[in-house]
Amino acid sequence: TTPGRIQLPKLADSKRTEVTVKWEPPESDHGAPILGYKVAFLLEKPRPGSNEGPSWITLCECTKSTNPVYVVANLAGNNTYTLDIAAVNKVGPGDGCEFQVSTAPVEPDPPSKPWVDEARDGCLNIAWKPPASDGGLPILAYRIRMRKLVGGTTF
């Protein structure tokens, strides 16, 4: 029979465009040694031109490696993904273990173009609208730069 379910899947590392997942092998191989693992990804949105609903895309039929770790690359930052990992023996893949992982936050969008809110002798107040997306983390501060323009006016 096929192997048992993998155990303790976890996110080992999260970057903006990739995640590293680790797990423990199944408690039982049901009499046939583990040859490797099958890693699948749930595609939530249908492919262009398709009317299908969510579907599983196999990322790796890793049947030459019994190392219980896999790097999923080319992901979008600040998103959550569903993975399914199954142990494989000579009979085939066992029951998969579904779990979710998240990529790291990304840089925020830029704020709106600033405008002069108030100008008086020796003082210039500027204003702007916050970014449309904070990239997954709260905005803590804004960096404002000024430089001297030709003609002596400083902004």
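If you read the sequence shown in the UniProt record's numbering, its first letter stands for residue 1, the second for the next number, and so on. Glycine residues also receive a C-beta, built at the ideal position from the N, C-alpha and C atoms.
_Give me the DSSP bridge partner(s) of W56._
Residue 56 sits at position 56 when you count from the first residue of the sequence shown. Its beta-bridge partners are L42.
*Select from H30, T17, R147, W128 the residue whose C-alpha is nearest the C-alpha of T80.*
Here residue 80 refers to the residue found at position 80 of the sequence shown. The shortest C-alpha separation from T80 is found at T17.
*Would you call the segment 80-94 and the segment 27-44 touching, i.e. three or more CB-CB distances under 8 Å?*
yes
*Excluding the 5 residues preceding and the 5 following K15 in the sequence, name in chain order all residues of the same chain whose CB lies nearer than 8 Å to its CB.*
Mapped onto the sequence shown, residue 15 falls at position 15. Closer than 8 Å at the Cβ level, and outside the excluded window around K15, lie T103, A104.
*State the beta-bridge partners of residue 156 as determined by DSSP.*
With the chain covering 1 to 155 only, the question about residue 156 has no answer from this structure.
*Excluding the 5 residues preceding and the 5 following E24 in the sequence, name in chain order all residues of the same chain whose CB lies nearer than 6 Å to its CB.*
Along the sequence shown, read from residue 1 onward, the residue named residue 24 stands at position 24. Excluding sequence neighbours, E24 sits near Q7, L8.
*Please work out which residues of its chain come closer than 6 Å, Cβ to Cβ, to W128, disregarding the five sequence neighbours upstream and downstream, and give them in chain order.*
For this step, residue 128 is matched to residue 128 along the sequence shown. The answer, listed in chain order, is P111, S112, P114.
*Residue range of the beta strand (DSSP E) that includes E98*: Reading the sequence shown from its first residue, position 98 is the one you call residue 98. That run of the beta strand (DSSP E) goes 97-102.
*Could you say which of N125, G49, A86, R147 lies nearest to S65 if we only look at CA atoms?*
To locate residue 65, count along the sequence shown from 1; it is residue 65. Answer by Cα proximity: A86.
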